[in-house]
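Trainee: Numbering (the UniProt record's numbering), first residue to last: 1 to 963.
Yeah, the Cβ is synthetic: ideal placement off N, Cα and C, and Gly gets one too.
Sharing a structure, written as C-alpha cells. Questions coming.
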Amino acid sequence: MSSIEWPVGRVRQQFVDFFTERQHTFVPSCPVVPHNDPTLLFNNAGMNQFKSIFLGTADPNTEFGRLKRAANSQLCIRAGGKHNDLEDVGRDTYHHTFFEMLGSWSFGDYFKKEAIPWAWELLTEVYKLPKNQLYVTYFEGDEKNGLAPDLEAKALWAQFLPESQIIPGNAKDNFWEMGDTGPCGPCSEVHFDRIGGRNAADLVNKDDPMVVEIWNLVFIQYERRTDGTLVSLPQRHIDTGMGLERLTSILQDVKSNYDTDAWIPIFEEIQKVTGYPKSYMEIRNEADNDAVVAYRVVADHIRCLTTAVGDGAMPDSVGRGFVLRRIIRRAVRYGVQFLNAKPGFFAALVDSVCTSLGPFFPHLQDPRNVQRIKAVLTDEEQSFAKTWEIGLKHFNHAVEEGKASNSKVISGSEAFVLHDRYGFPVDLTCLLAEKAGMTVDLDDFNSEMKANQVSAGRVAAARTFIDVHQIEELKSRGIPQTEDNAKYTWEETTGDVIAIFDKKNDKFVSLLAPQNGLGEEGVGIITTSTNFYAESGGQIYDTGRLIAAEDCVFEVRKVYNVAGYVVHVGNLSKDSTAPIPPSAVVHMQVDYKRRQPVAVNHTTTHELNWVLRRVLEEENPNSFMEVQQKGSLVTDELLRFDFSYNAKMSNEELQRVEKLLNKKIQADLPVYREEVALADALKINGLRHMFGEKYPDPVSVVSIGAPIDAMLADPENAKWREYSVEFCGGTHLNNLKKADKAVILSDEALMKGVRRIVVATKADADKAIQAGAELQAQFDALSHDTATAANVKALSVLNKKVGDSAVPLVLKNELRDGIDVAIKKMNAALKEQAADAKEKAAAAGAALGESYDAAAAPFLVQQVSDFGAEREPLQAFADAFSSTVKGPVGVFLVGSDGDKALAIVSMPSAFVEKKLSAVTWAKSSIGKGGGKPNAAQSGLPDKQVAAALAKATAEAEKMKACL
C-alpha cells in the first residue's frame with residue numbers, strides 16, 4: 001500500500017498543517033480517559049479537553065488558557081454513555097469504538113463566516129473531494145428549546161453549494177451536545193456520497209453506508225445546565241470534528257473504512273496470529289460471512305484497548321473499566337468463535353496498533369508502556385478463559401430449558417446471571433443466542449441490572465463558585481485577576497476588596513451588610529491580592545478571616561481560584577455589625593496553625609512520590625508499570641496519594657518505602673521553590689508532573705534537597721533523579737525534616753492498576769505508632785498464653801481490632817499474620833489436646849466396661865472427671881464403655897469444667913424397644929435435652945450437676961421396673 005496517494009498519516013498531517021498555517025496552535029491529543037472530568041466515561045470528541053476554555057474557567061496564566069485557536073487529531077472512544085457505537089462495530093463499514101477525530105477550534109475568536117469557507121477550502125481544494133458529492137446540513141430550529149433555525153450557516157453554505165445539497169436537520173442530528181451538561185450549540189454536518197452521479201440528499205443521516213458524515217462543524221454558543229436549561233455563553237466558539245478513518249477511506253477511493261492502510265496491516269497480523277485460512281481482503285465482500293465481522297471487531301477492539309490501556313485505563317468491574325472489559329471479552333469471543341484463534345492471541349496484536357499509531361502518538365512507542373498494555377490484556381484474556389467454559393454450560397442449559405418450554409427467548413434474569421456471575425457482557429449473550437436461534441429479553445435484563453446494581457453512571461461536573469458568566473462580567477468591569485504570590489510568604493497582609501458575589505441570588509452586590517452576610521457560605525469576596533491558598537492540585541484551601549474593622553470580620557471557609565480570580569467564600573461573623581463595601585481594605589489573616597500540618601503533609605507527599613518511584617519502579621526492573629501520580633489529597637489531617645502500580649505492595653516493599661521516606665525526612669533536606677520558564681523546567685532530568693495537566697508559564701517548581709538554579713544550569717544531569725522535583729503551586733515546608741516522621745497507614749486498590757496509599761506524619765504518626773505498640777503488647781500476652789478456646793476467641797477479637805485501628809500498616813500486616821499463625825497454632829494444640837483427651841476417655845470407659853456388672857446395675861449414672869465439659873471425650877467414654885460392657889446398660893454421664901457442664905445420655909436398643917428413651921431421661925433429670933431415643937445430650941450449669949445426678953439415679957431406679 002506504499003503507492004497510495006493519501007495514506008492515513010498524510011491525511012492526518014495535512015489537516016493539522018492546514019490549520020496551523022491559519023494561526024491555529026497544535027495541541028496534542030489528551031488521554032482517552034478523562035481523569036479530571038467526571039461527566040464522561042471516555043473522551044468521545046476532540047473538544048473534551050477544551051471544555052474549561054469554553055466555560056471560561058481555564059487558568060489564563062497557562063499557555064493552554066491563552067489559546068485562541070487550536071487543531072489536533074484526538075484519540076476518541078465511543079463505547080459507553082450517550083455516545084456509544086459498540087453494537088454497530090463490525091456490522092457496517094464505518095462505526096468504531098475507537099477512532100481519531102481531526103479537530104479545529106476557535107475560542108471566542110472567529111465564528112461561522114470563517115469556519116465554513118475554510119472547511120470548504122480544505123475539502124475541495126486540498127483534499128480535492130468532488131463538490132457534487134458533498135452535502136451539508138444546518139440546524140432547522142427547535143421550538144421546545146426556543147431555538148431559531150440557523151439561517152446564517154445555510155446562507156454561508158449557499159456560496160458553494162446548490163440548495164438541493166443543503167439540508168435542514170433536527171435537534172437530534174444538528175444540535176451537538178458533548179454530554180448531559182456543558183457547552184453545546186447548533187451544528188452543520190458535511191456528508192459525502194461515495195457513489196456520486198445522483199442526488200443523494202434523501203440518504204443523508206439515514207445510516208446508508210454509501211452516504212456518510214465526514215465532518216461536523218459545531219457552533220458553540222450555549223451551555224446546558226444540570227436542570228436541562230440552555231444559557232447563552234458570553235463568547236461564541238467553533239468546534240469542528242472530522243473522522244480520520246472515514247475521510248481516509250474516501251481519499252483512498254474505497255467503500256469501507258476497513259479497506260484503508262489504517263486497518264489492513266492489523267488485519268494481516270490478525271490472520272497471522274489466528275492462522276485463519278483466508279485474509280480479510282479475500283472475504284471482505286462476503287456480507288453473510290461471520291469471519292468478516294470478526295476481523296473487523298477484533299481489529300477495532302485491539303485499537304480501542306491499546307489506546308485506552310496505553311493512556312492509563314484499566315479493565316474493571318464498574319464504570320469505564322467494565323466497558324473495557326466488555327470490549328476485551330467481545331473481541332476474544334469473536335476471535336475464538338469465528339477465526340479459530342487460540343488463547344492469548346489478543347495481546348499479540350498490540351504491536352501492530354503501536355506501529356500504526358505510534359509515529360503520531362509517541363507514548364504508544366514507549367517499550368515499557370507497550371509491555372504494560374500487553375500484560376494487562378493477557379491477564380484479562382486469561383481471567384475470561386477461566387469463567388468461559390462454566391458460563392457457557394450455564395448458557396447452554398438456559399437454551400435447553402427454553403427449547404423444552406417451546407420458547408425462543410432467554411430471560412433477562414438468565415442473562416443477568418451470565419453477566420453477574422460469569423462475566424458475560426449481555427451483547428455476548430445476545431450473540432450466542434442469535435447463533436442458537438434465540439433472542440434475549442433485554443428489557444427484563446435491564447430491569448435486573450437496575451435492581452441489582454448501584455449505578456456507576458456519570459455525574460455532573462463540579463461547579464465553581466462563580467462561572468463563565470460572572471467571569472465575563474468581571475472582565476467587562478475591568479477587574480484584574482488576583483495577585484496571590486503572597487500565599488508563599490506565610491505572613492499576614494492586606495488586600496483591597498474589588499468584588500462581592502452573592503451566590504444565593506446569583507449576582508454581584510455593592511455592599512455586604514450583616515443581615516445578608518450571615519447564614520450559609522453563600523458569599524464570595526474577590527480582592528486585588530491575597531495570601532490565602534485556593535484549593536488546587538490536591539491541596540485543601542486555606543481558612544481564616546478578612547478583617548475590615550473590629551466590628552466587621554468575614555470568616556473565610558473555602559477559597560477557590562476561578563480563571564485567575566481568587567474567591568474567598570464564607571460569611572460575616574455573628575459578631576459583625578458593620579458592612580463591607582467593595583472598596584474596603586481588609587487585613588487578611590490565614591489560619592497558619594491549620595496550614596502548617598497541611599504543608600507537612602504536602603511536602604511529604606512530594607517525597608513519597610519520589611520514594612515510590614525509586615522502590616517500585618527503578619529498583620524493580622520486573623515491573624512493567626511506571627509509577628505515575630493519579631491524584632492526591634492533602635489536608636491538615638491526612639496525606640492520601642493515588643498512583644499507578646500493577647500489584648499490591650508486599651510487606652517488604654512497604655517497609656522499604658517507609659524506611660526510605662523516613663531516611664529522607666531525617667536528612668535535613670531544604671525545600672526550594674522557584675518560578676521557572678515552562679520550557680526550561682521540562683528539561684530537568686527526573687522532574688515529575690501530572691500527565692495531561694495544564695501548567696502555567698512560568699511554572700512553580702518545588703525541589704527537595706537540590707537547588708533549582710543548579711538544576712537549570714545542568715538540567716540533563718542524571719543526579720537530579722536522586723531528588724524530588726515537581727511542578728507544584730502548593731504551600732510547603734522550608735525543610736523536610738519538619739515533617740518529623742511518617743508511617744504508612746493503608747495501601748489499597750482504588751481500581752485495577754491504581755493504588756491509594758495513606759500516610760500519617762508528626763503527631764498523627766506518633767499516635768499510630770503508640771496505638772500499634774499497645775496492640776503489639778496485647779498480642780504478645782495472648783500468644784504466650786496456653787491454648788484454650790477462650791484465648792482463640794480473644795485472638796480473633798484482637799485481629800478485628802487491629803484491622804480497624806489506625807496503626808502503621810507494616811505492623812498491622814505483621815500483627816495480622818502473627819495472629820493468624822497464633823490462632824492456627826492454638827487450634828492445632830487444642831486439636832491435639834482433644835485427641836489425647838478422647839483417647840484417655842475411651843481407655844477409661846473401656847476399663848470400666850470390662851469390670852462392670854450390667855445385670856446388677858442396668859443403668860450407669862456417673863460424673864466423669866478430667867475431661868471437662870467437652871462432648872467428644874465424654875462420647876468416647878460412653879461409646880467405649882458400651883462396646884466393652886457385657887450386657888445392655890443405659891448411660892448418663894456428666895462432665896464439668898467448673899463453670900458449665902455437659903450431660904451425655906445413651907439408651908441401648910434393647911431398652912428403647914421397651915419404650916425407654918434417652919431424651920426422656922435427660923429431660924426428667926435436667927429439665928431439658930435433645931436428641932433421639934437412643935442418644936441425647938444437654939448442657940447445664942456446674943452448680944446443678946449434683947442435683948441432676950441425683951435425679952438421674954432416681955429415674956434409673958424407676959426405669960428398672962420396665963425391664
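In the structure shown, what three-state DSSP assignment does Leu745 receive?
Mentor: Taking the sequence shown and counting its residues from 1, one reaches residue 745 at position 745. Here Leu745 sits in strand by DSSP.
Trainee: Kindly indicate which three-state DSSP category His96 falls into: helix, strand or coil?
Mentor: To locate residue 96, count along the sequence shown from 1; it is residue 96. Residue state, collapsed to three classes: coil.
Trainee: In chain order, what residues of the same chain have a beta carbon less than 8 Å from the beta carbon of Leu518, not counting five sequence neighbours either side?
Mentor: Translated into the one-based positions of the sequence shown, residue 518 becomes position 518. Unreliable positioning characterises Leu518 in this predicted model, as indicated by a pLDDT of 47, which lies under 50. A coordinate reading is not provided.
Trainee: How far does the beta strand (DSSP E) with Pro209 in it reach, from first residue to last?
Mentor: Position 209 of the sequence shown holds residue 209. Per DSSP, Pro209 belongs to no beta strand (DSSP E) and is neither H nor E.
Trainee: Taking C-beta to C-beta, are Phe19 and Ala71 nearer than 8 Å?
Mentor: Reading the sequence shown from its first residue, position 19 is the one you call residue 19. Reading the sequence shown from its first residue, position 71 is the one you call residue 71. For Phe19 and Ala71, yes; Cβs fall inside 8 Å.
Trainee: Note down, in chain order, each residue of its chain lying with its Cβ closer than 7 Å to the Cβ of Pro715, except the 5 sequence neighbours on either side.
Mentor: Mapped onto the sequence shown, residue 715 falls at position 715. Excluding sequence neighbours, Pro715 sits near Lys683, Ile684, Asn685.
Trainee: Please list the segments of the beta strand (DSSP E) lying wholly inside the stretch 238 to 318, counting only runs of 3 or more residues, in order along the chain.
Mentor: Those beta strand (DSSP E) runs which fall completely within the stretch 238 to 318 and span 3+ residues do not exist here.
Trainee: Going straight from the alpha carbon of Ala910 to that of Arg816, what length do you get?
Mentor: Counting from 1 along the sequence shown, the entry for residue 910 is found at position 910. Counting from 1 along the sequence shown, the entry for residue 816 is found at position 816. Approximately 54 Å, taken between the alpha carbons.
Trainee: Below 8 Å, can you find three or more Cβ-Cβ pairs linking the stretch 806 to 824 to the stretch 738 to 752?
Mentor: Yes: at least three Cβ pairs fall under 8 Å.
Trainee: Starting from Trp490, follow the alpha helix (DSSP H) in both directions and report where the run begins and ends.
Mentor: Taking the sequence shown and counting its residues from 1, the one referred to as residue 490 is at position 490. First-last for Trp490: undefined, no H or E at that position.
Trainee: Under three-state DSSP, which class holds Lys342?
Mentor: Looking up residue 342 in the sequence shown gives position 342. Reduced to three states, the DSSP call for Lys342 is coil.
Trainee: According to DSSP, is Asp502 part of a helix, a strand, or is it coil?
Mentor: Along the sequence shown, read from residue 1 onward, the residue named residue 502 stands at position 502. Strand, per DSSP.
Trainee: Exposed or buried, what is Val459 when buried is set at 16 or more other beta-carbons lying within 10 Å of its beta-carbon?
Mentor: Residue numbering aside, residue 459 sits at position 459 when the sequence shown is read from its first letter. With a pLDDT of 33 at Val459, under the threshold of 50, the predicted position of this residue should be treated as unreliable, though the coordinate-derived value follows. When all chains shown are included, Val459 counts as exposed.
Trainee: Please identify the residue among Thr527, Leu147, Ala291 whose C-alpha is closest to the C-alpha of Gln337.
Mentor: Mapped onto the sequence shown, residue 337 falls at position 337. Checked all of Thr527, Leu147, Ala291; the closest Cα to Gln337 is Ala291.
Trainee: Among Glu268, Asn446, Asp288, Glu286, which one has its Cα closest to the Cα of Ser279?
Mentor: In the sequence shown, residue 279 corresponds to position 279, counting from 1. Comparing Cα positions, the closest option is Glu268.
Trainee: Going straight from the alpha carbon of Lys737 to that of Ile665, what length do you get?
Mentor: Looking up residue 737 in the sequence shown gives position 737. Looking up residue 665 in the sequence shown gives position 665. Their backbone Cα atoms lie some 5 Å apart in a straight line.
Trainee: Tell me the DSSP secondary structure of residue 1021 in three-state form.
Mentor: Here the chain has residues from 1 to 963 only, and residue 1021 is not among them.
Trainee: Would DSSP call Phe19 helix, strand or coil?
Mentor: As a working note, residue 19 is residue 19 in the sequence shown. If DSSP states are grouped into helix, strand and coil, Phe19 belongs with the helices.
Trainee: Excluding five sequence neighbours on each side, which residues of the same chain lie with their C-beta closer than 6 Å to the C-beta of Asp239?
Mentor: Here residue 239 refers to the residue found at position 239 when the sequence shown is read from its first residue. Correct list, in chain order: Met47, Trp105, Val218, Ile220.
Trainee: Do Asn145 and Trp176 have their CB atoms nearer than 8 Å?
Mentor: The residue given as residue 145 occupies position 145 in the sequence shown. The residue given as residue 176 occupies position 176 in the sequence shown. In this structure, Trp176 does not lie closer than 8 Å to Asn145 by Cβ.
Trainee: Measure the Cβ-Cβ separation of Phe139 and Gly169 and say whether it is below 8 Å.
Mentor: Here residue 139 refers to the residue found at position 139 of the sequence shown. Here residue 169 refers to the residue found at position 169 of the sequence shown. Against a cut-off of 8 Å, the Cβ pair of Gly169 and Phe139 comes out as a contact.
Trainee: DSSP puts Trp176 in a beta bridge; with which residues?
Mentor: For the purposes of this step, residue 176 is identified with residue 176 of the sequence shown, where counting begins at 1. Trp176 pairs with Gly185.
Trainee: Quick one: grab the DSSP three-state call for Trp388.
Mentor: By one-based count along the sequence shown, residue 388 stands at place 388. Residue state, collapsed to three classes: helix.
Trainee: So Gly570 is in the beta strand (DSSP E); what residue range does that whole segment cover?
Mentor: As a working note, residue 570 is residue 570 in the sequence shown. Run containing Gly570: 565 to 572, per the beta strand (DSSP E) assignment.
Trainee: With a cut-off of 8 Å on the beta carbons, I'd call Asp259 and Thr97 a contact; round off their distance for me.
Mentor: Within the sequence shown, residue 259 is the residue found at index 259, counting from 1. Within the sequence shown, residue 97 is the residue found at index 97, counting from 1. Rounded, the Cβ-Cβ distance is 19 Å, inconsistent with contact.
Trainee: Which residues mark the beginning and the end of the alpha helix (DSSP H) in which Gln666 is found?
Mentor: Working through the sequence shown from its first residue, we reach residue 666 at position 666. Gln666 -> no alpha helix (DSSP H), and no H or E assigned at all.
Trainee: DSSP three-state label for residue 968, please.
Mentor: In the structure as shown, the chain begins at 1 and stops at 963. Residue 968 is therefore absent and cannot be evaluated.
Trainee: Need the endpoints of the alpha helix (DSSP H) that Ala794 sits in, please.
Mentor: Numbered from its first residue, the sequence shown carries residue 794 at position 794. Where Ala794 is concerned, the enclosing alpha helix (DSSP H) stretches over 789 to 804.
Trainee: What does the alpha-carbon distance come out to for the pair Arg372 and Lys663?
Mentor: Looking up residue 372 in the sequence shown gives position 372. Looking up residue 663 in the sequence shown gives position 663. Whole-angstrom Cα-Cα distance: 31 Å.
Trainee: In terms of DSSP beta bridges, what is Ile410 paired with?
Mentor: Working through the sequence shown from its first residue, we reach residue 410 at position 410. Val440.
Trainee: Could you compute how far the alpha carbon of Trp263 sits from the alpha carbon of Trp720?
Mentor: On the sequence shown, position 263 is the one that residue 263 refers to. On the sequence shown, position 720 is the one that residue 720 refers to. Approximately 43 Å between the Cα atoms of the pair.
Trainee: Return the CA-CA distance between Glu955 and Asp804, expressed in angstroms with no decimal places.
Mentor: In the sequence shown, residue 955 corresponds to position 955, counting from 1. In the sequence shown, residue 804 corresponds to position 804, counting from 1. Going by the C-alpha atoms only, they are around 54 Å apart.
Trainee: Exposed or buried, Asp542, counting other C-beta atoms within 10 Å across all chains shown (16 or more means buried)?
Mentor: Within the sequence shown, numbered from 1, the residue matching residue 542 stands at position 542. It counts as buried.
Trainee: Leaving out five residues on either side along the sequence, give the residues of the same chain with a beta carbon under 7 Å from the beta carbon of Gln944.
Mentor: Along the sequence shown, read from residue 1 onward, the residue named residue 944 stands at position 944. Once the five neighbours on either side are set aside, Gln944 has no close Cβ partner at all.
Trainee: Is the stretch 463 to 476 in contact with the stretch 437 to 448, if contact means three or more CB pairs nearer than 8 Å?
Mentor: The stretch 463 to 476 is not in contact with the stretch 437 to 448.
Trainee: With DSSP collapsed to three states, give me the class of His469.
Mentor: Stepping through the sequence shown from its first residue, residue 469 is reached at position 469. His469 falls in the helix class under three-state DSSP.
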